[in-house]
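Residue numbers (the working numbering): 10 to 549.
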């Protein structure tokens, strides 16, 4: 039972003197968590990618409020976790391209400011690492309480470039905490003199124009026109106006040369992290493999347990029980379990249909293990047997996925699996009479086929040619909602099959291959008994 006096007690704690920390340096990290050496190497590689004379600043994720005095379970900013291993809020990481003297300590290239130990607060909200824990367990060169950030003596004006990611703007201020994320952001903005009107999205737009503005003028113009339709204010930007008025390559080059010079940049760090995180290290792959295998076992167990009388939420619960049983801390994203018409909603998350009946059930679910997320989708008939129409659509999607698999190798374009899958889907829909022209296939296959996978379910990456060490999804789908301009026998059939592929030096490895994909294998597994068959709860 949750104590009713938490909020009041925390206010009393804030008003009292900080209690002395206990002798242990915070909670121990899981034995199979990423090693401190991994994070240190990532920090150093990122630091080496920084422009001369620059400083990079990254902030921990905000605490998100669910309702009243209840917050959502905290989840760290994946970039911050990747570079530090720190999993608590109200922290900031600073990386210096050249060594600095910080609080009297010379030669500092990295500094982490964390929330301090506080025995009374920890009694209510959990153990903290504190400064000593950050030094011991995370092996940071320089660690200090977050209250020291404002007095650390960082000479922001001395840096030629101040680099950061898009700063969160919807952060709550806790009046009882003088160095929460709200205060850390305010300190940075004030001390670094970040212009109040600095717009990271505008900076990213300028960067794209610089990269392709002359060599791909038509594509750049189309991109700008799309942005203007989405955000009409872009049309008033002087830099954009100059480019759009240019009619020759020489004029476009002149227009691009007038880009405003700023010390503040929100794109360089973004690009460097895309490059780093796209290729997984062996240490990362150990965790990612486990997340994917857990998710594949979840699909297997649901196949065995599925019945027409079960509800979407019950099937979701089986997936997530399996995740917890194997030690996964979270789901990588809200589980999607949609039957019939709900399976035709791409990101359906309500999962409240009380009985799935004889409709196909699309289950897009993934465990998150030690920060790394799987993303595995299977579509099953709760009765245990596909109907003829269901089977035809399912086998078409499966053939499209196999075509996508076949082109996955180093050097292939990132779009190659998508194009291969689309060709198969279009040809198949034509043969079935569902469409009259190939270009109509997008109505029923409206999403992309692949994305990177890792610390984010839609992970960082540059979307250039595939490289060994990339982990991507291949997930074609066909969704035919009620009212579609085709024979009614196809209505409310939604099928997606998604697997997680590691790109190897010679091709690919299907990390989620344990979850059955073929019609025969799915039906065979669904005919087997489930450990949950004898699990009965009392009537309420």
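Cβ atoms here follow ideal geometry from the backbone N, Cα and C, with glycine treated the same way. Owing to the predicted nature of the structure, the values given are computational and were not obtained by experimental measurement.
Just verifying my parser: in three-state terms, what is the DSSP assignment at residue 417? coil
Within 10 Å of its beta-carbon, does residue 106 have 16 or more other beta-carbons around it, so buried, or fewer, so exposed? buried
Name the residue from 523, 475, 347, 126 whose alpha carbon lies nearest to the alpha carbon of residue 503. 347
CB residue 483 to CB residue 426, shorter than 7 Å? yes
Is the Cβ-Cβ distance between residue 62 and residue 168 less than 7 Å? yes
Spatial distance of residue 472 from residue 184 (CA atoms): 43 Å
Exposure of residue 321, with buried meaning 16 or more beta-carbon neighbours within 10 Å: buried
Quick check: what's the CA-CA separation for residue 465 versus residue 149? 24 Å
Name the DSSP beta bridge partners of residue 67, please? 102
Where do the N-terminal and C-terminal ends of the beta strand (DSSP E) with residue 172 fall, by residue? 170-173
What span of residues does the alpha helix (DSSP H) with residue 261 cover, start to end? 258-265
For residue 135, tell me which candidate among 247, 446, 462, 98 has the shortest Cα-Cα distance. 98
Using the C-alpha atoms, what's the distance from residue 118 back to residue 284? 21 Å
Cutoff 6 Å; reference residue 216; Cβ partners in own chain excluding five residues on either side: 276
Return yes when the Cβ of residue 514 is within less than 7 Å of the Cβ of residue 476, no when it is not. no
With a threshold of 8 Å, are at least 3 pairs of Cβ atoms found where one atom belongs to the stretch 369-383 and the other to the stretch 293-308? yes
Pick from 205, 463, 263, 341 that is closest to residue 287, judged by C-alpha positions: 463
Do residue 237 and residue 226 count as a contact pair if the criterion is CB distance below 7 Å? no
DSSP three-state assignment for residue 504, whether helix, strand or coil: strand
Distance, Cα to Cα, residue 533 vs residue 312? 10 Å
Quick one: is residue 499 buried, meaning 16 or more other Cβ sit within 10 Å of its Cβ, or exposed? buried
Using the Cα positions of residue 49 and residue 488, report the straight-line distance between them to the nearest angstrom. 45 Å
DSSP on residue 482, reduced to helix/strand/coil? DSSP places residue 482 in the strand class (E or B) of the three-state scheme.
With distance defined between alpha-carbon atoms, name the residue in 77, 435, 443, 458 nearest to residue 495. Among 77, 435, 443, 458, the Cα nearest to that of residue 495 is on 443.
Compare the Cα-Cα distances from residue 412 to each of 315, 468, 74, 458 and report the closest residue. 458
Quick check on DSSP: helix, strand or coil for residue 373? strand
State the CB to CB distance for the pair residue 264 and residue 270, rounded to an integer number of angstroms; the pair is presumed to be in contact (CB under 8 Å). Incorrect: roughly 15 Å between the Cβ atoms, too far for contact.
Determine which residues share a DSSP beta bridge with residue 122 and list them. 101, 153
Measure the CB-CB distance between residue 203 and residue 273 and report whether it falls below 7 Å. Yes, the Cβ-Cβ distance between residue 203 and residue 273 is below 7 Å.
Residue range of the beta strand (DSSP E) that residue 389 falls in? 385-389
Tell me the DSSP secondary structure of residue 235 in three-state form. helix
Sorted by chain position, which residues of the same chain lie with C-beta nearer than 7 Å to residue 434's C-beta, five sequence neighbours on each side aside? 405, 409, 450, 454, 485, 487
If we count the other Cβ atoms within 10 Å of its Cβ and call it buried at 16 or more, is residue 86 buried or exposed? buried
So is residue 60 buried or exposed if we call it buried at 16+ other beta carbons inside 10 Å? exposed
Helix, strand or coil for residue 185? Go by DSSP, reduced to three states. coil
Neighbour-count burial assignment, residue 529, 16 or more Cβ in a 10 Å radius: exposed
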